[in-house]
Amino acid sequence: MHCRNNRSHSGCNTSASDSYPDRGGCGCHSLVSLLRLLKVSTLLCLSPVLAYGKGENGNSNFDVFDYIDPFIGTSDGGHSFPGATLPFGMVKAVADTDGANQGGFASDASFVTGFSHTHDSGTGGPGSMGNFPIFIHPACPDDNLTKCSWQESDRSVRWDRESTKAQPGFFSISLNNGVHAEMTVTNHSALYRFSFPEAAPDSLNPVVLVDMADLHHSRHNGTTSVDPHTGRFTGSATFEPSYGVGTYRVHFCADFHGPSIRDTGIWLDDEVRPGKNTVSLNASGSGGAFARFTPPQANGTMDVRVGISFISATQACSNAEKEQPNFDFEDTVARANAAWKEKMGVISLDTSGVSTELQTVFWSGIYRTMISPQDYTGENPLWKSDEPYYDSFYCIWDSFRGIHQLITLVDPLSQSRMVRSLVDIYRHEGYLPDCRMSFCKGLTQGGSNADVLIAEAYLKGIPDVDWDTAYRAVVKDAEVEPENFNVEGRGSLQSWKSLGYIPIHDSNTTAKGLRTRSISRTVEYAYDDFCIAQMAKSMGHDGDYKKYMKRATNWENVFKPNQTSSWRGSNFTGFLQPRNADGTWAYQDPMFCGPYLQPDACLMDENAKETYEGSSWLYTFYVPQDMAKLIRALGGRSKFIDRLSFFHDSGLLNMGNEQAFLPVFQFHYAGRPALSTERAHSYIPRLFNTSVGGLPGNDDSGAMGAFAVFSMLGLYPVHGQDVYLISAPFFKEASIRNRITGNVATIRNINFDPLYKSIYIQNVTRDGKPWTRNWIGHDFFIEGGTLEITLGDKESNWGTRIEDLPPSMSEYRW
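Per the working numbering, the sequence shown starts with residue 739, numbered consecutively.
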């Protein structure tokens, strides 16, 4: 059980069924010009809106923290980070556990191993960061240092399942050794407050140790020192990223406030050496420094302030001293709270009739999308630049499908800084990243998906970006093969340009990179090129526009019209298939790498197959640029609807991975937006709920949360395009204030049904005028206004005509 704001969590939260009583619980370039003229952004961003919503009685005394639960997704592979952080903050403090600890703390773990200050959220793969954890013993047995436990496996201690509390900027937990730990943060430092509520004062002689380790156990080398007079710990070490190549170096500085220092020293493996000041380690062994203290005063507390830097230990100390000079825990918590409420303040809801469960899913989803990417500006050791530097783009293959769309909506200036950071990475490293963490190049899972993110940011008018350089960056991805396409750019470009697809086991390249994922890379490259084409057209690069639009059709070259599937009960024909370089077809069972047939066989390794983290069943739907032609290729509108419905009903769709998001709403393209709404309501809150396991897969820096938020708003974004697909909202009314223009866009639900029986759109008006298209552009959020959506209990003909359908390269015909 976990407690958040004194509300309990115990496994599966059965209140999910309260939201759906009959369902089980648990279970345009012109915008750019406009924005450049409206240079009013800075002042408008400084005015928070602290009334976020109103309930049934119209009460505006709404505290958003009552509806943010950081523990959602901290078990069952969600890997969410529940600890203390600022929005996009560099330092993230939490108790680290054993088990699946990619986010540091896991609710389904048994032991706490330490408290560390750097984390990522929602990632797959090995644990990320968790550098230089500290640990505290209330005392050593018989006050004998040799009887204390030092190594991680020995010192780990069970934690009180009733004790954990978290809110934005704060985390606390009680350990079974009698230590109660609270923590909060600034951007570059963490502040821990330790108390000993069950200990007699005369038995306390607290020992604080620091371990030169990380969650990944990847240290190459490191040095830590302790000042015998002040107890200050300083240190530096080199570690590996969890999903990339190379190494990174991090530095820390820890100071103490409260009881007096008794003695200091170092420890190596299970040996303690009092009086020694410095310890150095290579890749083997464990060790660090310690300080022992006299019993705390009457209140029984002691504070540990930890500064972090990627430049030097001196800068780590300076960061902490500047940001937290007085060890003022309550003030630091208050400032963190204010930062989070300011970010949330652009959204207001009328939550009349909406369950606490659904409100918590919504606000917690927004919260998690603001944990990463992380603002490391001023901490980049690789190059000097006046541009922002963000890290933990982890990974864009995941985040370009929802996270950055939500940041664009609620915090466009942060999105601007992130895009500027990506462009600056291109300036200094030669390519845009597809994944990046800890100053290292991450693995490229599919296409060059920063192209999609950048093109969309341009189309939606994100300001203050050097768009000429950004355009050169995306064109380089499309034209110049890197030396190692495992970590940047695209591989097999010669085949891509000459054959129009990526052949299986492509030998027509000398670059380093896995010769796998030929199907998924083909369809992703095609969509990347489509997005570049839209940017080219808007910027006046007509030749590039024509070239990349032609390449955007390359998905057709791996579509085999007569291919069938082995799935029982399926009589659908036409699937993506691998091809050899001579044009002949190879074969991969369309079910392969789906939920029912070796789902883990398509990853980043030499033995992986021709799709990535998904089956041909899934990737065959991935043609967002030309859904009209795809629908025809799959047998026409009726068969497409049947096939997409079967895809959902059969369980072939895995909602735990981000490629599944858009297929929920692709019924819009076949003129059946009502079916998209039905699907969204079938997954929320069944798979997206408030239990600690309330996500269908790992959160990937907030991607799962972004999907839930957009689905509940009733405007789902098509990544890489200026398109939001309109469906029935989950709230009576939602308003979003644009931080740049100051205008407010309101989505109002007429005939709102809190039982969610009437979820079918009957008609829509925009500012009082009929709106028949089943999609809308980003200008709605820039210009503001009101979108009124009238609902009923039966499907209507709204949004079903060909002229009402979302944009497509080809014409719709049926």
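We put the beta carbon where it would ideally sit given N, CA and C, even for glycine.
Residue state for R1424 is assigned as coil, using DSSP reduced to three classes.
Here K1507 is bridged, per DSSP, to R1504.
Here V1218 is exposed: its Cβ has fewer than 16 other Cβ atoms, across all protein chains shown, within 10 Å. In this structure, the straight-line span from the alpha carbon of P1033 to that of P876 is close to 9 Å.
Between I1527 and I1485, the C-beta gap is smaller than 8 Å, which places the two residues in contact. Assignment of L1314 by DSSP, reduced to helix, strand and coil, places it in the strand class. With a threshold of 16 other beta carbon atoms within 10 Å, L1120 falls short and is exposed.
For S848, DSSP assigns no beta-bridge partner whatsoever. Here P1434 carries a coil assignment [DSSP, helix/strand/coil]. In the three-state DSSP reduction, I1145 falls in the helix class (H, G or I). With fewer than 16 other CB atoms across the displayed protein chains lying within 10 angstroms of its CB, S1376 is exposed. Excluding its 5 nearest sequence neighbours in each direction, A838 has C-beta neighbours in its own chain below 6 Å: A844, listed in chain order. Annotation: H857 to D1001 spans about 31 Å, alpha carbon to alpha carbon. Rounded to whole angstroms, K1298 and A847 show a C-alpha spacing of 46 Å.
Following the DSSP letters along the chain, one finds D1001 inside the beta strand (DSSP E) bounded by residues 999-1006.
Residues G1389, L1390, N1392 of the same chain have their beta carbon placed closer than 7 Å to that of P1333, with the five preceding and five following residues left out of the count. Residue nearest to S1152 within the set E1344, V1010, T1115 is T1115 (criterion: CA-CA distance). Closest in alpha carbon position to Y1132, among D1124, F909, I1141, E1125, is I1141. The shortest C-alpha to C-alpha distance from T924 to any of I999, M1175, D1069 is the one to D1069. Taking 8 Å as the cut-off, the Cβ atoms of C991 and T972 count as close.
Of the other Cβ atoms in all chains shown, fewer than 16 fall within 10 Å of the Cβ of W1552; this residue is therefore exposed.
Between the region 999-1015 and the region 975-986 there are fewer than three inter-stretch CB-CB distances shorter than 8 Å, so the stretches are not counted as touching.
Around the Cβ of W1101, a 10 Å sphere holds 16 or more other Cβ atoms; the residue is buried. As computed with DSSP, W897 is found in a beta bridge with L913. For G860 and D1338, the gap between their C-alpha atoms comes out near 18 Å.
Around the beta carbon of L1197, a 10 Å sphere encloses 16 or more other beta carbons of the protein chains shown; the residue is thus reported as buried. In the structure shown, the three-state DSSP call for S1123 is coil. With 16 or more other CB atoms across the displayed protein chains lying within 10 angstroms of its CB, S1354 is buried.
F1028 is bridged by DSSP to L947, G1003. Bounds of the beta strand (DSSP E) holding D993 are 986-995.
In this structure the region 980-996 touches the region 1173-1188; the number of beta carbon pairs closer than 8 Å is three or more. Cβ neighbours of T1302 within its own chain (closer than 7 Å, five residues either side excluded): T1311.
When DSSP states are grouped into helix, strand and coil, D1244 belongs to the coil group. Here the alpha carbon of P1508 sits roughly 40 Å from the alpha carbon of N1309.
Contact between the region 1150-1167 and the region 951-962 is absent: fewer than 3 CB-CB pairs across the two stretches fall below 8 Å. In this structure, P1544 sits away from H1386, with a CB-CB distance that is not shorter than 8 Å.
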